[in-house]
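These notes are about the structure you will find just below.
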Amino acid sequence: QKKKTVSFSTMPNDRKINSTAACISFMLEGCELKKVRSNSRMYSRFFVLDADMRSVRWEPSKKDSEKAKIEIKSVKEVRVGKKTPVLRSNGLSDQFPDECAFSIIYGDNYESLDLVASSADVVSAWVMGLRYLVSYGKHTPEAPGTGHPSLRTSWISSVFDLADLEKSGRIPVSRAVQLIKALNPGMKTSTIELKFKELQKASERPAAEVACDLFVEVYCELCTRPEIFFLLVQFSSNKEFLGLKDLLMFLEVEQGMEGVTEEKCLEIVGKYEPSKEGREKGYLAIDGFTRYLLSADCSIFDPQHRKVCQDMAQPLSHYYISSAHSACLLEDNFWGRSDISGYISALGLGCRSIELVLWDGPEGEPVVYTSPSAASCVPFRAVVGMIDQHAFTASAYPLILCLVVRCSAPQQRLAAQCLRKTLGEKLYLEPPNPAASYLPSPEQLKGRILIKGKKLPPGCEDSEGEVSDEEEGWELARRLGQEDREGPEGGDFEGSRRGQRYWEMCSFSEVEAGRFANECPAELVSYNKRFLSRVYPSPMRIDASNMNPQDFWKCGCQMVAMNYQTPGLMMDLNTGWFRQNGACGYVLRPAIMREEVSYFSANAKDSLPGVPAQLLHLKVISGQNLPKPKGSGAKGEVVEPYVCAEIHGIPADCAEHRTKTALQSGDNPVFDESLEFQINLPELAVLRFVVLDDDYIGDEFIAQYTIPFECLQPGY
Numbered sequence: 001q002k003k004k005t006v007s008f009s010t011m012p013n014d015r016k017i018n019s020t021a022a023c024i025s026f027m028l029e030g031c032e033l034k035k036v037r038s039n040s041r042m043y044s045r046f047f048v049l050d051a052d053m054r055s056v057r058w059e060p061s062k063k064d065s066e067k068a069k070i071e072i073k074s075v076k077e078v079r080v081g082k083k084t085p086v087l088r089s090n091g092l093s094d095q096f097p098d099e100c101a102f103s104i105i106y107g108d109n110y111e112s113l114d115l116v117a118s119s120a121d122v123v124s125a126w127v128m129g130l131r132y133l134v135s136y137g138k139h140t141p142e143a144p145g146t147g148h149p150s151l152r153t154s155w156i157s158s159v160f161d162l163a164d165l166e167k168s169g170r171i172p173v174s175r176a177v178q179l180i181k182a183l184n185p186g187m188k189t190s191t192i193e194l195k196f197k198e199l200q201k202a203s204e205r206p207a208a209e210v211a212c213d214l215f216v217e218v219y220c221e222l223c224t225r226p227e228i229f230f231l232l233v234q235f236s237s238n239k240e241f242l243g244l245k246d247l248l249m250f251l252e253v254e255q256g257m258e259g260v261t262e263e264k265c266l267e268i269v270g271k272y273e274p275s276k277e278g279r280e281k282g283y284l285a286i287d288g289f290t291r292y293l294l295s296a297d298c299s300i301f302d303p304q305h306r307k308v309c310q311d312m313a314q315p316l317s318h319y320y321i322s323s324a325h326s327a328c329l330l331e332d333n334f335w336g337r338s339d340i341s342g343y344i345s346a347l348g349l350g351c352r353s354i355e356l357v358l359w360d361g362p363e364g365e366p367v368v369y370t371s372p373s374a375a376s377c378v379p380f381r382a383v384v385g386m387i388d389q390h391a392f393t394a395s396a397y398p399l400i401l402c403l404v405v406r407c408s409a410p411q412q413r414l415a416a417q418c419l420r421k422t423l424g425e426k427l428y429l430e431p432p433n434p435a436a437s438y439l440p441s442p443e444q445l446k447g448r449i450l451i452k453g454k455k456l457p458p459g460c461e462d463s464e465g466e467v468s469d470e471e472e473g474w475e476l477a478r479r480l481g482q483e484d485r486e487g488p489e490g491g492d493f494e495g496s497r498r499g500q501r502y503w504e505m506c507s508f509s510e511v512e513a514g515r516f517a518n519e520c521p522a523e524l525v526s527y528n529k530r531f532l533s534r535v536y537p538s539p540m541r542i543d544a545s546n547m548n549p550q551d552f553w554k555c556g557c558q559m560v561a562m563n564y565q566t567p568g569l570m571m572d573l574n575t576g577w578f579r580q581n582g583a584c585g586y587v588l589r590p591a592i593m594r595e596e597v598s599y600f601s602a603n604a605k606d607s608l609p610g611v612p613a614q615l616l617h618l619k620v621i622s623g624q625n626l627p628k629p630k631g632s633g634a635k636g637e638v639v640e641p642y643v644c645a646e647i648h649g650i651p652a653d654c655a656e657h658r659t660k661t662a663l664q665s666g667d668n669p670v671f672d673e674s675l676e677f678q679i680n681l682p683e684l685a686v687l688r689f690v691v692l693d694d695d696y697i698g699d700e701f702i703a704q705y706t707i708p709f710e711c712l713q714p715g716y
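Be aware that the sequence shown starts at 1, since it is given in full-length UniProt numbering, and climbs by one per residue.
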């Protein structure tokens with residue numbers, strides 16, 4: 001099995017260690033660690049840094065107190081993880097995680113003191129503090145009374161000086177609040193104001209103005225993410241920043257990047273490090289590192305999929321096609337108001353198939369709306385003009401117009417003339433190639449608009465009268481585009497395949513498609529290898545709710561028409577799914593659904609022959625600046641969030657795990673939980689994160705993010 005890992009570091013729950021001084025303070029207080037002996041036995045001991053910061057001692061010990069210590073000057077190296085023979089021994093290796101172990105290598109004989117901590121955070125504090133003491137002795141940057149400001153402190157002070165317009169050494173609290181908010185746009189103003197009040201009250205300072213030292217303190221308190229600080233510690237050689245070699249190692253080890261150069265690292269420093277000194281020296285301090293990790297460069301979404309990256313030269317039937325149902329509606333199907341902006345919005349999201357329901361207009365020209373009960377209608381001519389203008393703004397690949405023609409023959413002719421005149425060369429009117437077996441590819445149809453609809457019954461003359469709704473009259477479709485067939489009767493897909501021409505397609509109602517998906521899933525998959533099929537919502541969905549597109553994607557149905565105006569889980573899945581492949585509206589279906597020789601049943605509940613399963617490891621650590629649910633009726637600003645991680649795909653892959661609730665966590669909840677999923681058909685799996693409020697009134701939804709499994713980028 002292949003493995004795909006998305007990993008995070010950890011965050012302390014009880015204290016905020018966000019600087020070297022905090023690490024050393026922690027060491028001076030001391031804590032319990034397990035001392036590992038060469039005989040694989042472990043002993044709990046209390047380890048503490050001497051007040052003069054020259055030795056680390058432990059107790060109780062049978063040794064003389066002067067022997068139960070290590071002098072800082074004798075330390076050669078501090079290693080994180082199971083990096084010594086003692087820690088790698090078979091008897092111990094499985095008893096504790098790698099991130100909870102560290103070793104102090106000391107003396108001329110390079111002896112090792114092997115230790116196990118209660119958490120990775122404790123390890124990080126000791127490692128950071130020891131590395132500084134080894135490099136600088138007790139004169140550590142930012143240590144009290146040393147007079148050596150760190151790179152970060154110097155930068156924050158310079159920001160303060162620029163805001164001190166009067167050059168008085170103080171600025172108004174309101175200006176200080178806005179300054180911190182400008183540096184961290186997601187932070188709540190109330191949070192910053194409260195922190196200033198707390199520290200001003202504790203130090204008995206005047207409340208109207210802020211001095212530089214207080215500004216620096218508030219900034220560091222609020223704007224340091226401990227999990228990022230500890231990650232920096234793991235890769236920093238001996239300073240409170242990453243040098244170019246440190247950053248290079250982080251990119252290779254943690255992010256899995258290949259071929260990284262120091263020039264690339266220097267480019268990252270230049271782009272994200274806020275301090276001039278850091279940029280000039282090639283240093284990435286905590287604020288620059290945080291900016292980098294929160295940037296698009298470190299998004300969980302693989303940047304390769306931000307552009308078209310799939311083979312676009314295969315037949316049209318080999319792709320999922322982003323499709324809208326009643327895009328003209330802004331509300332529900334029954335009373336909803338029709339508006340042209342609905343189409344513009346759908347096309348802007350990369351939609352490549354929109355439905356147009358044509359009715360006789362009051363002024364002799366056809367209009368578009370979903371049903372006679374709709375609150376308003378849009379002139380067909382205006383819709384076509386909009387299509388001409390917006391069809392290819394988000395995607396260059398073909399747009400399919402699904403025409404549902406309910407108007408009389410004279411108005412159909414006007415509609416045909418409007419399409420030809422307005423769309424011109426964009427309109428695809430070439431007759432099917434009888435020698436071909438498959439539809440053209442999206443690449444061949446770039447910049448073209450296709451028409452899908454139904455033909456008149458055989459034997460009707462072109463110029464004869466009107467076509468009734470009962471006959472499902474589609475003279476326009478006969479003149480301009482592809483044919484549309486009824487679904488195979490009784491699920492006889494094999495018979496339909498023999499009698500169907502490749503340019504014909506089937507439209508299924510949601511109910512009918514669902515029945516086929518349950519009764520003959522393998523046959524439906526096989527049918528869709530050659531022919532296009534479209535699934536539209538049940539007429540019973542008068543509230544414009546959405547069906548689950550995965551129910552039909554897993555059967556190979558290319559076009560699952562969604563109500564784009566209705567948000568929620570189903571639309572999240574659709575939007576997230578079509579973000580891949582450059583959000584062009586076309587996604588290549590899994591090979592097992594395209595190859596004629598392969599067999600696949602959509603209802604598989606186990607691993608698939610010939611498809612290697614993958615393991616997805618997630619560690620959900622923390623959130624930041626979480627808002628209250630928009631519709632919440634609860635008082636106050638505090639939320640008690642938890643995270644659900646959901647896998648949507650074939651039945652064998654569908655799963656959900658949730659974290660514990662972060663109680664009374666304020667804006668920055670801590671979860672620190674690992675999750676694991678087995679994915680049997682990775683090409684069709686979608687991962688959805690949902691953040692919900694456990695202490696809600698009315699509305700529990702805080703946020704969501706949906707991403708195809710194939711678009712996950714390992715690392716931070």
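Beta carbons are placed, not taken as given, at the ideal position from N, Cα and C, and that holds for glycine.
Who does residue i pair with in a DSSP beta bridge?
| i | result |
| --- | --- |
| Cys31 | Phe47 |
| His390 | Partner(s): none; His390 has no beta bridge. |
| Tyr106 | Val75, Glu111 |
| Phe513 | It is Ala, not Phe, that sits at residue 513 in the sequence shown. In the DSSP output, where bridge partners are listed per residue, Ala513 has none listed. |
| Ser190 | DSSP output for Ser190 lists no bridge partner at all. |
| Pro641 | Asp693 |
| Trp58 | Phe47 |
If you draw a straight line from the alpha carbon of residue i to that of residue j, how long is it in whole angstroms?
| i | j | result |
| --- | --- | --- |
| Thr261 | Ala125 | 29 Å |
| Ser395 | Gly350 | 6 Å |
| Ala163 | Gln178 | 10 Å |
| Glu209 | Thr189 | 17 Å |
| Gly453 | Tyr428 | 14 Å |
| Phe689 | Leu231 | 23 Å |
| Cys584 | Trp577 | 11 Å |
| Gly243 | Cys265 | 9 Å |
| Cys223 | Ser275 | 15 Å |
| Gly91 | Asp98 | 14 Å |
| Leu28 | Arg131 | 15 Å |
If I'm right that residue i touches residue j with Cβ under 8 Å, what's the distance once you round it to whole angstroms?
| i | j | result |
| --- | --- | --- |
| Pro641 | Leu687 | Pro641 to Leu687, Cβ: 18 Å. No contact. |
| Tyr586 | Tyr397 | 5 Å |
| Asn581 | Gln310 | 5 Å |
| residue 718 | Asp287 | Residue 718 lies beyond the residue range present for the chain, which begins at 1 and ends at 716; the question has no answer from this structure. |
| Met562 | His390 | Actually they do not touch by this definition, with Cβ atoms about 18 Å apart. |
| Val384 | Leu423 | 7 Å |
Report the three-state DSSP secondary structure of residue i (helix, strand or coil).
| i | result |
| --- | --- |
| Arg170 | strand |
| Val467 | Model confidence at Val467 stands at a pLDDT of 40, short of 50, so the residue's coordinates are unreliable; what they give is reported in the following sentence. Correct three-state label for Val467: coil. |
| Pro457 | Since pLDDT at Pro457 reaches only 48, below the 50 mark, its modelled position is unreliable, and the value read off the structure follows with that caveat. Three-state result, Pro457: coil. |
| Arg501 | coil |
| Arg306 | helix |
| Tyr536 | strand |
| Lys421 | helix |
| Ala655 | strand |
| Ile300 | coil |
| Leu231 | helix |
| Leu476 | Reliability fails at Leu476, whose pLDDT of 36 lies under 50, so the model's placement of it is uncertain and no value is given. |
| Val670 | strand |
| Glu66 | coil |
| Thr706 | strand |
| Val357 | strand |
| Pro85 | helix |
| Asp52 | coil |
| Pro434 | coil |
| Ala522 | helix |
| Cys557 | coil |
| Phe215 | helix |
Between residue i and the ligand FMN, is there a pair consisting of the residue's CB and a ligand heavy atom that are separated by less than 7 Å?
| i | result |
| --- | --- |
| Ser338 | Here there are no bound small molecules, and the ligand FMN is not part of this structure. |
Quick check: the region 674 to 685 against the region 602 to 621, are there 3 or more CB pairs under 8 Å?
-> yes
Within the chosen definition, does the region 554 to 561 reach the region 533 to 541 through at least 3 CB pairs nearer than 8 Å?
-> yes
Can we say the region 352 to 360 touches the region 589 to 599, given the rule of at least three CB pairs closer than 8 Å?
-> no
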